Amino acid sequence: MKPKLTEKISLWQLFILIFVFEIGSAVVVDIGSEAKQDAWIAILLASGIGIALIIFYVFILKKKEGLNLFEILAFCFGKYIGKLLSLLYIIYFFYIAARVMRDFGELIVSTIFEVTPIEILSITIMLVIIYMLYLGIEVLGRTSEIFLPYVFLFILLVGSFILFTGEMHFNNLRPIMADGFGPIIKGIFPSLMTFPFGELVAFMVIIPYVTQFKNAKKVSIYAVSFTGLMLSFTSVILIATLGAEMKGRATFPLLSAAREISLLHFIERVDLVVVFVVMFGIIVKVSILFFAGLKGLEHVFSIPYRMFIFPMATIVAYISIIISHNFAEHIQEGLKFVPFYLHLPFQYVIPMLITPILLWKTSRKAKKVKSNE
5 MKPKLTEKIS LWQLFILIFV FEIGSAVVVD IGSEAKQDAW IAILLASGIG IALIIFYVFI
65 LKKKEGLNLF EILAFCFGKY IGKLLSLLYI IYFFYIAARV MRDFGELIVS TIFEVTPIEI
125 LSITIMLVII YMLYLGIEVL GRTSEIFLPY VFLFILLVGS FILFTGEMHF NNLRPIMADG
185 FGPIIKGIFP SLMTFPFGEL VAFMVIIPYV TQFKNAKKVS IYAVSFTGLM LSFTSVILIA
245 TLGAEMKGRA TFPLLSAARE ISLLHFIERV DLVVVFVVMF GIIVKVSILF FAGLKGLEHV
305 FSIPYRMFIF PMATIVAYIS IIISHNFAEH IQEGLKFVPF YLHLPFQYVI PMLITPILLW
365 KTSRKAKKVK SNE
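The sequence shown begins at 5 in the working numbering and counts up by one.
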């Protein structure tokens with residue numbers, strides 16, 4: 005008996021996918037570090053940009069309801085230029101998926117499977133993603149529904165445990181804005197406005213599959229707002245526990261903070277719980293980016309995306325391994341190269357180019373229909 009293949013998600017599933025996608029690898033690495041002890045403020049302000057961005061993306065999708073990013077590119081720029089831009093977006097989505105996969109591999113290797121080759125971990129996770137996406141995007145949504153309560157519970161427990169151990173020193177959050185807005189702006193541009201919030205561009209492929217599309221904007225706003233609050237809360241915990249300087253130096257700040265937990269001489273090694281939460285978030289994030297790339301291939305070559313799943317999964321897993329020689333190089337590339345040369349063009353520039361052309365073409369079409377009546 006063949007499994008049911010589904011391509012629809014509910015509003016609640018959309019909320020969960022956005023939240024988990026945004027949390028994803030953002031809790032693994034240090035975000036907003038340029039703002040030092042004001043990182044939590046930078047994250048809150050950047051979430052405002054994220055809200056504006058998701059409103060902008062949904063606005064574009066509503067102008068041609070039912071079409072995804074790739075189909076809108078074809079509508080605006082024509083067959084050939086549209087396909088060229090689609091191919092660039094496909095490369096972008098697969099490349100970012102490989103980068104997130106590398107984040108996961110480095111995290112697991114440094115915490116749990118210290119002697120396991122990173123290749124084995126990448127292949128194992130990609131097999132899980134292959135199975136989920138073959139069954140359809142709704143399966144990913146339902147899986148996220150099951151695990152979301154555990155994510156909330158673990159985040160709250162880790163925060164509570166750190167508080168009870170007395171390792172949190174709120175003096176580390178002071179002085180607030182000692183150097184004015186300068187460091188906060190540095191934290192927001194280009195880092196926070198591109199990662200994690202700018203990566204919402206992948207949802208221009210996902211949102212058209214929402215069953216109640218008219219409410220997608222409202223739900224997306226709630227999801228991004230909640231994400232901003234949760235990331236800011238996490239940042240406060242990290243700064244209060246580790247201090248701004250130590251947080252900036254730590255490879256995985258959240259793990260470093262979790263390792264400080266020792267309650268009643270038996271509640272220890274909570275960092276393993278953190279790894280579980282992060283692993284779930286990264287699987288969801290890679291799945292969404294990978295799905296976006298697959299739907300692009302489906303559009304360009306007019307072949308069902310499931311035909312591309314296995315070969316492209318192999319390529320993404322391979323790229324995640326060879327993408328850099330070590331984690332330090334991987335992080336530097338993510339800070340210096342990716343935001344300016346990849347994130348900004350694909351998250352901001354191209355959607356801004358789409359908008360006037362889309363408005364002009366849709367208004368012209370509406371006038372034609374009206375005149376024919």
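C-beta atoms are modelled at their ideal positions from N, C-alpha and C, and glycine is treated no differently. Computed from a predicted structure; not experimentally measured.
Same chain, Cβ closer than 6 Å to residue i, five either side skipped, listed in chain order
i, result
"Val24", "Ser148, Gly285, Val288"
"Leu73", "Met208, Val209"
"Ile127", "Ala321"
Option in the options with minimal Cα separation from residue i
i, options, result
"Ile319", "Lys369, Ile361, Tyr99", "Tyr99"
"Leu363", "Ile13, Lys66, Ala248, Ile35", "Lys66"
"Pro355", "Cys80, Val31, Val32", "Cys80"
"Tyr322", "Ile112, Leu111, Ile124, Tyr96", "Ile124"
"Leu111", "Leu91, Phe256, Met316", "Phe256"
"Val277", "Thr115, Ile95, His329, Met181", "Thr115"
"Phe97", "Leu293, Leu57, Arg146", "Leu293"
"Gly191", "Val31, Ala39, Lys369, Val32", "Ala39"
"Arg178", "Glu249, Ile225, Thr198, Met130", "Glu249"
"Trp44", "Thr359, Ile134, Ile189, Lys365", "Ile189"
Cβ separation of residue i and residue j, assumed to be a contact under 8 Å, to the nearest whole Å
i, j, result
"Thr295", "Ile141", "The residue asked about is misnamed: residue 295 is Phe in this sequence, not Thr. Their Cβ separation, rounded to whole angstroms, is 6 Å, which keeps Phe295 and Ile141 in contact under 8 Å."
"Leu21", "Gly232", "Contact flag wrong, Cβ pair sits at about 16 Å."
"Ala78", "Gly70", "Incorrect: roughly 14 Å between the Cβ atoms, too far for contact."
"Glu272", "Thr245", "Rounded, the Cβ-Cβ distance is 16 Å, inconsistent with contact."
"Pro187", "Asp42", "6 Å"
"Val3", "Ile13", "The chain is shown only over 5 to 377; residue 3 falls outside these bounds and no answer can be derived."
"Val304", "Leu91", "6 Å"
Counted within 10 angstroms of its Cβ, other Cβ atoms place residue i as buried (16 or more) or exposed
i, result
"Lys251", "buried"
"Ser306", "exposed"
"Asp275", "buried"
"Asp107", "buried"
"Arg2", "Summary: the structure shown does not reach residue 2, with the chain confined to residues 5 through 377, and so no result is reported for it."
"Trp16", "exposed"
"Leu9", "The predicted position of Leu9 is uncertain, since its pLDDT is 47 and thus under 50; a value taken from the coordinates is nonetheless stated next. Exposed: under 16 other Cβ atoms inside 10 Å."
"Ser51", "buried"
"Lys299", "buried"
"Ile94", "buried"
"Ala182", "exposed"
"Ser37", "buried"
The ligand FAD heavy atom lying under 6 Å from the CB of residue i
i, result
"Glu38", "With respect to small molecules bound, the structure shown includes none, and the ligand FAD cannot be examined in it."
Beta-carbon contacts of residue i that lie in its chain and below 7 Å, excluding the five residues immediately before and after
i, result
"Pro7", "With a pLDDT of only 43 at Pro7, under the threshold of 50, the placement of this residue in the model should not be trusted; the figure read from the coordinates follows. Excluding sequence neighbours, Pro7 sits near Leu139."
"Lys221", "Ile59, Val62"
"Ile327", "Ala102, Arg103, Arg106, His334"
"Ala262", "Val162, Val274, Asp275, Val278"
"Phe151", "Phe284"
"Arg310", "Tyr138"
Proximal residues to residue i (C-beta, below 8 Å), its chain only, five neighbours per side dropped
i, result
"Met5", "Because Met5 carries a pLDDT of 36, less than 50, the predicted location of this residue cannot be relied on, and the following value inherits that uncertainty. Counting only Cβ-Cβ distances below 8 Å, and skipping sequence neighbours, we find nothing."
task: Tell me, please, whether the segment 340-353 touches the segment 196-205 by the rule of three or more beta-carbon pairs shorter than 8 Å.
output: yes
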